[in-house]
Amino acid sequence: MKFNQVQTLEDKSKKSLSLNPNFTPEQKYLIDTLVDPIHVISNSNELLKQKILPFVDVPTKEYFYMIERAQNRLLETLEKIRDNSNPKAF
């Protein structure tokens with residue numbers, strides 16, 4: 245993701261709050277609890293990568309990419325939870 249493509253936390257939160265009414269309370273809690281922190285971490289990671297990546301060693305660069313992969317996996321898991329709550333998805 246390029247620097248100008250980093251979405252604001254507010255934009256990402258609005259998207260995440262368009263929740264399916266069929267969510268169980270546990271699923272809604274999980275999504276509400278995880279989405280904002282995931283996006284904060286994602287935005288912070290992107291901004292730091294843009295600023296300092298050229299100046300750090302290889303192990304540190306790998307750490308940035310590890311954070312990005314973990315964030316993507318968490319978002320995929322949350323999307324699966326959303327899809328499994330949607331009766332039209334079956």
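In terms of my numbering, the sequence shown opens at residue 245 and continues consecutively.
All C-beta atoms, glycine included, are put in the ideal place defined by N, C-alpha and C.
C-alpha gap between I285 and R317, whole angstroms:
One-based indexing of the sequence shown puts residue 285 at position 41. One-based indexing of the sequence shown puts residue 317 at position 73. Their backbone Cα atoms lie some 13 Å apart in a straight line.
Would you kindly work out how many angstroms separate the C-alpha atoms of P298 and L291, rounded to a whole number?
Residue mapping note: residue 298 aligns to position 54 of the sequence shown, counting from 1. Residue mapping note: residue 291 aligns to position 47 of the sequence shown, counting from 1. Cα-Cα distance, rounded: 13 Å.
So, F308 versus N289, is the Cβ gap smaller than 8 Å?
Within the sequence shown, numbered from 1, the residue matching residue 308 stands at position 64. Within the sequence shown, numbered from 1, the residue matching residue 289 stands at position 45. In this structure, N289 lies closer than 8 Å to F308 by Cβ.
For the putative contact between I311 and I275, defined by C-beta atoms under 8 Å, what is the C-beta separation to the nearest angstrom?
As a working note, residue 311 is residue 67 in the sequence shown. As a working note, residue 275 is residue 31 in the sequence shown. So it is not a contact: roughly 20 Å between Cβ atoms.
Return the first residue and the last residue of the alpha helix (DSSP H) that L318 is part of.
As a first step, residue 318 must be located in the sequence shown, where it is residue number 74. Per DSSP, L318 belongs to the alpha helix (DSSP H) from V302 to N328.
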